[in-house]
Amino acid sequence: MWNGKKVSVIFPTYNEKESIRSAVEDFQYQGIADEIIVINNNAAEGTSEEVAKTSAKEIMETVQGYGAAIQRGFKEASGDYIIVSEPDGTFKGRDIVKLLSYIDDFDVVYGSRTIKELIWEGANMGIFLKWGNYSVAKLMEFLFNTTSLTDVGCTMRCVNKNALKRMDPYFTVKGSFFGPEMMIISVLMKMRVIQIPMNYTKRIGTSSVTGNKITAFFLGLRMIRLILEYRLFSWLFPGRYK
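The sequence shown begins at 12 in this note's numbering and counts up one residue at a time.
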């Protein structure tokens, strides 16, 4: 509970069997989350057993993809404020206080992993990923003339339930770059958004996306394409996103 508002936390999981339990316990320990929902997106064998050892509710989502998992989580969450994070140990449960400290004044609060002082030793945020995410974020900021953005790929965020209801009909991405799409849509709808720094630590296990520089590079290109497509579409059809 936060200022009388119910708080939900969503964890999508695919390859986080070794870390899911500790992640849930870390976020639950803060005493703020009213519910933690784990979206099992065809996760590794044994994941459900680990979730069962926690207070989290597990939901099965068979449509593969990060976006599909998060959108299912949005539908299942009952909170007034909904936090999205990762169950791989890269984010700190205590940082939900940062997100919630801003959400009363904003529709969406996005996290950022590009602040040097908050990137922990061993975190998968080398110069390639850091400046790649930063540069694409600045491209988005420029093209949409919006608030200061420093990280297009950070998945940790908090959204107001009412704002989410407005955005939901426009979500189309089921895969890895759902996060940037959500950011674009919130900006196009003239929502009150802000991006704030998060602690970013070493992942437990290997990422299927950013763990590989080549994969991350092509994902970045697809993000740029997505941004350009939305910018062009919004010029051709002004007023679509209301």
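Glycine is no exception: its CB is placed at the ideal position from the N, C-alpha and C atoms.
Span separating the alpha-carbon of residue i from that of residue j
| i | j | result |
| --- | --- | --- |
| TYR25 | SER187 | 12 Å |
| LEU232 | GLY137 | 18 Å |
| GLU27 | PRO249 | 41 Å |
| ILE225 | PHE139 | 11 Å |
| LEU199 | ARG251 | 9 Å |
| VAL119 | GLY143 | 23 Å |
| THR65 | ILE114 | 27 Å |
| GLY42 | GLY15 | 14 Å |
| LEU230 | VAL95 | 20 Å |
Rounded distance between the beta-carbons of residue j and residue i, thought under 8 Å
| i | j | result |
| --- | --- | --- |
| ALA44 | VAL20 | 5 Å |
| GLU72 | ALA79 | 6 Å |
| MET194 | TYR77 | Not confirmed; about 14 Å, so no contact. |
| GLY90 | GLU46 | 7 Å |
| ALA34 | ILE48 | That pair is no contact at about 13 Å. |
Per-residue DSSP class, three states only, for residue i
| i | result |
| --- | --- |
| LYS149 | helix |
| ARG168 | strand |
| ILE114 | helix |
| GLU128 | helix |
Chain-order list of residues whose beta-carbon lies under 8 Å from that of residue i (same chain, five-residue window excluded)
| i | result |
| --- | --- |
| THR157 | MET151, VAL198 and VAL204 |
Close-in-space but distant-in-sequence residues of the same chain around residue i (CB under 6 Å, 5 per side omitted)
| i | result |
| --- | --- |
| ILE50 | PRO23, ILE70, GLU72, ALA80, ARG83 and GLY84 |
| ILE196 | MET178 and TYR181 |
| VAL184 | GLY78 and GLU192 |
| LYS253 | none |
Any non-hydrogen atom of the ligand HEM closer than 7 Å to residue i Cβ
| i | result |
| --- | --- |
| ILE207 | Summarising the ligand content, the structure contains no ligands, and the ligand HEM is consequently not present. |
Beta-carbon proximity list for residue i, same chain, < 7 Å, skipping 5 on both sides
| i | result |
| --- | --- |
| LEU154 | ILE238 and ARG242 |
| TYR40 | GLY104 |
| GLU29 | ILE215 and GLY216 |
| ARG32 | GLU61, LYS64 and THR65 |
Are at least three pairs of beta-carbons, each pair with one atom in the stretch 134-152 and one in the stretch 161-174, less than 8 Å apart?
yes
Taking 8 Å as the cut-off, does the stretch 98-110 touch the stretch 204-217 (at least 3 CB pairs, one atom from each stretch)?
yes
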